[in-house]
Structures are given as C-alpha cells and as structure tokens.
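A short worksheet on the structure shown next.
2 protein chains.
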Amino acid sequence: MVTTDVRARRREATRREILDAAWRLAAEQGLANLSLRDVAAEVGMRAPSLYTYFDSKGSMLDAMFAQGYRELDELYAGVRSDGDLAAMLTAATEAFVRFCQASVPRYQLMFTRAVAGWEPSARAYEVSVASYEHMRDRLAAAGVQGQRALDLWTAMTAGLAAQQLANDPDGDRWFVLSRDVAVMFVDHLRRNR
Amino acid sequence: MVTTDVRARRREATRREILDAAWRLAAEQGLANLSLRDVAAEVGMRAPSLYTYFDSKGSMLDAMFAQGYRELDELYAGVRSDGDLAAMLTAATEAFVRFCQASVPRYQLMFTRAVAGWEPSARAYEVSVASYEHMRDRLAAAGVQGQRALDLWTAMTAGLAAQQLANDPDGDRWFVLSRDVAVMFVDHLRRNR
DNA sequence: GTCTATATCCAGATAGAC
DNA sequence: GTCTATCTGGATATAGAC
Numbered sequence: 000m001v002t003t004d005v006r007a008r009r010r011e012a013t014r015r016e017i018l019d020a021a022w023r024l025a026a027e028q029g030l031a032n033l034s035l036r037d038v039a040a041e042v043g044m045r046a047p048s049l050y051t052y053f054d055s056k057g058s059m060l061d062a063m064f065a066q067g068y069r070e071l072d073e074l075y076a077g078v079r080s081d082g083d084l085a086a087m088l089t090a091a092t093e094a095f096v097r098f099c100q101a102s103v104p105r106y107q108l109m110f111t112r113a114v115a116g117w118e119p120s121a122r123a124y125e126v127s128v129a130s131y132e133h134m135r136d137r138l139a140a141a142g143v144q145g146q147r148a149l150d151l152w153t154a155m156t157a158g159l160a161a162q163q164l165a166n167d168p169d170g171d172r173w174f175v176l177s178r179d180v181a182v183m184f185v186d187h188l189r190r191n192r
Numbered sequence: 000m001v002t003t004d005v006r007a008r009r010r011e012a013t014r015r016e017i018l019d020a021a022w023r024l025a026a027e028q029g030l031a032n033l034s035l036r037d038v039a040a041e042v043g044m045r046a047p048s049l050y051t052y053f054d055s056k057g058s059m060l061d062a063m064f065a066q067g068y069r070e071l072d073e074l075y076a077g078v079r080s081d082g083d084l085a086a087m088l089t090a091a092t093e094a095f096v097r098f099c100q101a102s103v104p105r106y107q108l109m110f111t112r113a114v115a116g117w118e119p120s121a122r123a124y125e126v127s128v129a130s131y132e133h134m135r136d137r138l139a140a141a142g143v144q145g146q147r148a149l150d151l152w153t154a155m156t157a158g159l160a161a162q163q164l165a166n167d168p169d170g171d172r173w174f175v176l177s178r179d180v181a182v183m184f185v186d187h188l189r190r191n192r
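The following block contains the structure:
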C-alpha cells in the first residue's frame with residue numbers, strides 16, 4: 000500500500016521534528032527542565048498530541064539517548080586509524096571532547112543520570128552497548144588490547160570531557176591535553192608489554 | 000547571654016539533624032527526588048518548619064554542598080605525603096574514588112549538575128574553591144607543578160570516579176587502576192622536565 | 001491526528017493560629 | 001518554633017469530541 004508508506008514516512012518526519020525540538024529546548028533551559036508541554040509548543044502542538052508519536056516522555060528520552068549513541072558511533076567511525084597509535088588516540092580524544100561540548104544535554108543524557116525518574120530502556124541501552132563494542136574493536140585492532148587497558152582509556156577520555164564541560168564549557172583547557180593523554184597512554188602500554 | 004548561646008547550639012544541632020536526614024533520603028530515593036516534605040517527615044516535622052532552619056531548599060543544598068567539600072578537604076589532608084610521589088598520588092586517587100563511591104548523592108551534588116533549578120551560591124562555591132586550592136598546594140609541594148599538569152591530574156581522577164560510579168558503583172573495576180594512573184602520570188612529569 | 005478539558009499528583013513557599 | 005491550611009505553579013497522562 001503506497002498510502003501507508005507515505006504516512007509512515009510522514010510520521011517518521013514528525014518524530015524527527017519533535018526530537019529536534021526537544022534537543023533545542025534542552026540546550027536552552029536544561030535537560031532536567033524539559034517538559035512535554037514545551038516540546039509540543041516548540042513544534043506547534045499541544046502536549047497530548049505528542050502521545051501519538053511517543054508512548055511517554057520516557058520513550059522520547061529513549062529515542063534521544065539512542066540517537067546520541069548512533070551519532071557517537073558515526074563520529075568514531077570517521078577517526079583515521081592509519082597513522083601511528085598515538086595520533087589516532089589523540090584524534091579520537093579530541094573528537095570525543097568536542098562531541099560532548101557540542102551538546103551539553105546530549106552529554107548529560109548519555110553519560111550522567113541527569114533526568115529524575117528516567118533511565119534508558121533495554122532497547123535503548125543496547126544501542127549504547129553496540130557503540131561501545133565498536134569502539135572496543137577498533138581500539139583493539141589499533142593495538143589497545145585487554146579490558147584493563149580499555150577501562151583506563153575510557154576513564155581518561157571521560158575525565159577530560161567531564162572537566163572541560165564542568166569548568167570551561169566553551170573553551171579548550173582540557174581539550175588541549177588530548178595529545179598528552181594519548182602519548183602517556185601509549186607509553187604505558189609499551190611499558191606493560 | 001548564656002541562654003542565647005544555648006539556643007544557638009540547639010539550633011545548630013537541629014540543622015545537623017536536618018542535613019543528615021537529607022543525605023539519608025537522597026541516598027535512598029535519589030538526589031533529584033529530594034523534597035522538603037520528605038526531609039521534614041524524616042526528622043519528625045512538617046515542611047514549613049524547615050524554613051526556621053533554612054531560607055529555602057536551595058540554601059539547604061548549599062549547606063550540603065559546602066559540607067561535602069569540607070569532607071573532601073579533610074580526606075585529602077589525611078593522605079600521607081612523605082613517601083615517593085607515585086605512592087602519594089596512588090593513595091590520593093584511591094581515597095578520592097572511595098569518597099565518591101561512599102555517597103552517590105554527594106558526588107552528584109558536588110561534581111555534576113544533578114539538581115534541576117539549583118546551582119551553588121557564591122558562598123558555597125568559595126568552600127569548593129578553597130578545597131581545590133589546598134589540593135593544588137599539596138600537590139605542588141609534592142612535585143606536581145603548573146596548571147597544565149594539575150588539570151591533567153584532575154581529569155584522570157575525575158574520570159576514574161565517573162566510570163566507577165556509572166558502571167560498577169559497588170565494585171573495584173576502576174579503583175584498581177589508581178596505581179596505573181599515578182605511575183603513568185609521574186612518568187609523564189619526568190619526561191616533560 | 002489534534003484538540004480541549006481534566007484527572008492526578010507533587011513541588012516550594014507563605015499566612016497566620018497557637 | 002511548630003503547626004494547619006492554603007497559594008501557586010508545574011508535571012505526566014488520559015478521555016473523549018471533532
């Protein structure tokens with residue numbers, strides 16, 4: 000049925016519009032203060048109409064959460080891995096810090112528990128796990144092997160981003176340490192081999 | 000006036016009781032869900048009575064925030080600094096991760112923006128700055144000099160704690176990397192001298 | 001698919017009696 | 001200093017008309 004297909008596309012487009020509006024408002028007034036009323040108003044609707052597109056506020060947040068991890072996945076996929084390891088890790092770290100700076104609410108939704116009564120559903124969580132596994136495999140191929148090394152790495156990149164956002168959200172203070180972290184880490188790997 | 004003094008003490012004791020109750024409830028039901036009604040009930044009062052002891056919910060959170068940084072300050076003051084640098088940094092990192100694990104709401108209040116409409120007042124913020132400066136001075140005395148090195152250090156410890164709380168709140172998975180981080184960092188300092 | 005109207009609930013804060 | 005009663009505002013979600 001062609002008409003059904005058209006309607007499905009239209010529906011998907013509206014869902015996108017709603018999510019875009021939600022991100023926009025979250026950036027303006029804080030993720031924790033995001034309300035369905037405001038999101039609806041932002042797309043020219045009233046709150047109850049949103050329930051045509053999402054089962055609940057939680058399922059809308061689920062969609063945003065999964066979207067964030069798909070974006071991170073794409074970002075990491077674009078990091079060049081043909082140079083030496085330190086160069087690749089530097090690029091990955093810089094990309095990650097910029098990714099976090101680009102949208103504070105996205106960062107909060109993906110990496111902190113900033114929304115009061117919500118946590119990602121199992122379905123949404125799977126997307127984040129897939130993203131993590133892709134990163135793990137790419138790093139392993141580049142020479143970062145073992146859970147312990149990977150944990151050390153994620154802690155350092157998470158720390159850079161956290162400090163950058165908390166203390167210098169629009170600046171470079173921790174971003175510029177990306178290369179130091181990468182070199183330090185590569186030296187650490189060499190020493191423990 | 001003796002009576003006034005007694006009343007001031009009593010008042011201070013009640014303030015303590017209220018803060019203890021707030022921490023307890025925050026641990027049970029989440030910092031973001033903390034309400035004055037519940038805190039009041041926990042100490043056997045009704046919500047309006049709390050306004051005798053705190054101007055607003057925000058000022059209660061301010062007191063909790065400042066309390067957290069005073070506790071962190073004491074913790075760091077107790078870290079032995081007579082051994083070699085790597086040993087001291089390992090101890091400091093382990094202490095910090097345990098400090099964060101000991102109270103998730105305290106961690107959220109101090110280091111994230113987990114409460115919707117609140118941020119620390121200027122007075123409360125000063126306490127956190129003082130704590131930071133003490134840590135900075137202690138590290139400088141031990142051989143960690145310069146803003147860049149300090150920023151690198153805070154990022155790594157913040158990252159360990161963040162990953163530990165997010166992915167293994169009651170475990171050791173990132174805690175056990177404290178020594179690796181310390182040694183890695185000391186090597187980095189030596190190389191850049 | 002969108003609306004109005006409403007149910008239900010909970011929050012912080014204040015007025016004023018005792 | 002503590003209470004009851006209330007103000008004010010906001011949230012998610014549902015019922016049912018159009």
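Protein chains in written order, with numbering that gives the first Met the number 0: chain G, 0 to 192; chain U, 0 to 192. Glycine included, C-beta positions come from ideal geometry on N, C-alpha and C.
Leaving out five residues on either side along the sequence, give the residues of the same chain with a beta carbon under 7 angstroms from the beta carbon of U:Thr13.
Closer than 7 angstroms at Cβ, skipping near neighbours: Tyr52.
Scan the stretch 106–149 of chain U and note each continuous alpha helix (DSSP H) run of 4 residues or more that stays entirely inside, going in chain order.
List check, alpha helix (DSSP H) in window: 121–141.
Just the chain U side, please: which residues come within less than 9 angstroms of G:Arg8 by C-beta, in chain order?
Those within 9 angstroms of G:Arg8 in chain U number zero; the least Cβ separation is about 37 angstroms.
With DSSP run on the structure shown, which of helix, strand or coil describes G:Trp173?
Per DSSP, reduced to three states, the secondary structure at G:Trp173 is coil, with no helix or strand assignment.
Just to check my reading of the structure: U:Leu108 and U:Ala94 have Cβ atoms closer than 8 angstroms, yes? What is that Cβ distance to the nearest angstrom?
Contact flag wrong, Cβ pair sits at about 19 angstroms.
The alpha helix (DSSP H) that contains G:Glu52, what's its start and end?
Strictly speaking, residue 52 of chain G in this sequence is Tyr, with Glu absent from that position. Per DSSP, G:Tyr52 lies in no alpha helix (DSSP H) and is assigned neither H nor E.
Looking at chain U, which residues of the stretch 175–190 of chain G have a Cβ within less than 9 angstroms of any of its Cβ atoms?
Identification of residues in the stretch 175–190 of chain G having a C-beta nearer than 9 angstroms to some C-beta of chain U yields Val175, Leu176, Asp179, Val180, Val182, Met183, Phe184, Asp186, His187 and Arg190, given in sequence order.
Starting from the beta carbon of G:Trp173, find every residue of chain U whose beta carbon is closer than 8 angstroms, and list them in chain order.
Ordered by position in chain U, the residues that pass the 8 angstroms Cβ test against G:Trp173 are Asp150 and Ala154.
Can you name, in chain order, every residue of its own chain whose Cβ lies under 6 angstroms from the Cβ of U:Phe64, other than the five neighbours on each side?
Closer than 6 angstroms at the Cβ level, and outside the excluded window around U:Phe64, lie Leu108, Pro119 and Ala123.
Hey, how far is the Cα of G:Ala115 from the Cα of U:Leu151?
Rounded to the nearest whole angstrom, the CA to CA distance from G:Ala115 to U:Leu151 is 31 angstroms.
Of all the residues that make up the stretch 104–116 of chain U, which are near chain G by a beta-carbon distance shorter than 9 angstroms?
Correct list: Gln107, Phe110, Thr111, Arg112, Ala113, Val114, Ala115 and Gly116.
Verify whether the separation of the beta carbon atoms of G:Leu71 and G:Ser130 is less than 8 angstroms.
For G:Leu71 and G:Ser130, yes; Cβs fall inside 8 angstroms.
Span of the alpha helix (DSSP H), counted from its first residue to its last, around U:Val96:
Where U:Val96 is concerned, the enclosing alpha helix (DSSP H) stretches over Leu84 to Ala101.
List, in order along the chain, the chain U residues whose C-beta lies closer than 9 angstroms to that of G:Gln100?
When 9 angstroms is used as the limit between beta carbons, G:Gln100 is near no residue of chain U, the shortest such separation being about 14 angstroms.
I'd like to check one pair, U:Met183 with G:His187: are the Cβ atoms closer than 8 angstroms?
Yes, the pair counts as a contact, with Cβ atoms nearer than the cut-off.
Just to check my reading of the structure: U:Arg105 and U:Gly67 have Cβ atoms closer than 8 angstroms, yes? What is that Cβ distance to the nearest angstrom?
About 5 angstroms; that satisfies the 8 angstroms criterion.
For U:Asp81, three-class secondary structure by DSSP:
Residue state, collapsed to three classes: coil.
Is G:Ala39 near the ligand ATP - that is, is its Cβ less than 7 angstroms away from at least one heavy atom of it?
Although the ligand ATP was asked about, the structure shown includes no ligands whatsoever.
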